[in-house]
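Colleague: Attaching a single structure in C-alpha cells format; questions to follow.
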Amino acid sequence: MSGLYEVLQKIKPRPGMYIGKPSVSYLFHFLVGYEFARGELDIEPSEWEEDFHENFQPWVQEKYHVSTSNSWANIIMLHCGSEKEGLDSFYKLLDEFTNRGKSLDKEDKNPTQLQRAVER
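Using my numbering, read the sequence shown as starting at 1 and increasing by one per residue.
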C-alpha cells in the first residue's frame, strides 16, 4: 500500500479519478477516511504521515495567522474563490510544509558555506 505522500501525488494530476472533482474539501474528507482506514488495518504511519497529521493544521493556522478549530481545508478556503483554487493552494502549501526548514538544515550541516556567505 502506498503511503500518504504518494497517494497525494497520485491525486494531484487527476483529482476527479480519486475524489470526484477538484476540491480541497473533498480531499480533506478523503484524507480523514484514508487515515481512519489505515488505523483500522493497524498500518503504522510513516514519519512523514505523523508529521502531516500532527503539524499541518497548526502550520496552516500559523501561515494564515488564524486561531480556529476549523479544518485546514476551511482555512484554505477562506483565502480562495473556488474549491479548485483551494486544491491548488493545498498542494502549494503541502510543498512548502514538506520542505520547511530544509534550506536551514543544509546550512547547519555545512558551516563553511554559511561563513562564506556571511563574508561576502
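For glycine and all other residues, C-beta sits at the position ideal for the given N, C-alpha and C.
#1: Given this structure, state the Cα-to-Cα distance separating Glu83 from Arg14, to the nearest angstrom.
#2: Just mark His65 as buried or exposed, buried being the case when its beta carbon has 16 or more other beta carbons within 10 Å.
#3: With DSSP collapsed to three states, give me the class of Tyr64.
#4: Rounded to whole angstroms, what is the Cα-Cα separation between Leu87 and Ser23?
#5: How would you write the range of the alpha helix (DSSP H) that Leu4 sits in, first residue to last?
#6: With DSSP collapsed to three states, give me the class of Lys21.
#7: Select from Gly3, Thr68, Trp72 the residue whose C-alpha is nearest the C-alpha of Phe97.
#8: Report the rounded CA-to-CA distance for His79 versus Arg38, giving the unit in angstroms.
#9: Going by Cα to Cα distance, which pick from Pro45, Gly20, Asn70 is closest to Tyr123?
#10: For a quick check, are the C-beta atoms of Lys10 and Tyr91 less than 9 Å apart?
Modeller: Result, derived from the coordinates:
#1: Residue numbering aside, residue 83 sits at position 83 when the sequence shown is read from its first letter. Residue numbering aside, residue 14 sits at position 14 when the sequence shown is read from its first letter. Straight-line Cα distance between these residues: approximately 15 Å.
#2: Numbered from its first residue, the sequence shown carries residue 65 at position 65. Exposed, by the Cβ-count rule.
#3: Taking the first residue of the sequence shown as position 1, residue 64 is located at position 64. In the structure shown, Tyr64 sits in coil (DSSP, three-state: anything other than H, G, I, E or B).
#4: For the purposes of this step, residue 87 is identified with residue 87 of the sequence shown, where counting begins at 1. For the purposes of this step, residue 23 is identified with residue 23 of the sequence shown, where counting begins at 1. Going from the Cα of Leu87 to the Cα of Ser23 covers about 5 Å.
#5: For the purposes of this step, residue 4 is taken as the residue at position 4 of the sequence shown. Per DSSP, Leu4 belongs to the alpha helix (DSSP H) from 4 to 11.
#6: As a first step, residue 21 is located in the sequence shown; it is residue number 21 there, counting from the start. The answer is coil: DSSP assigns Lys21 none of H, G, I, E or B.
#7: Reading the sequence shown from its first residue, position 97 is the one you call residue 97. Taking only the C-alpha atoms, the option nearest Phe97 is Trp72.
#8: Translated into positions along the sequence shown, residue 79 becomes position 79. Translated into positions along the sequence shown, residue 38 becomes position 38. About 31 Å.
#9: Look at the range of the chain in this structure, 1 to 120, and you will see that residue 123 is not part of it.
#10: The residue labelled residue 10 in the question sits at position 10 within the sequence shown. The residue labelled residue 91 in the question sits at position 91 within the sequence shown. Contact: no.
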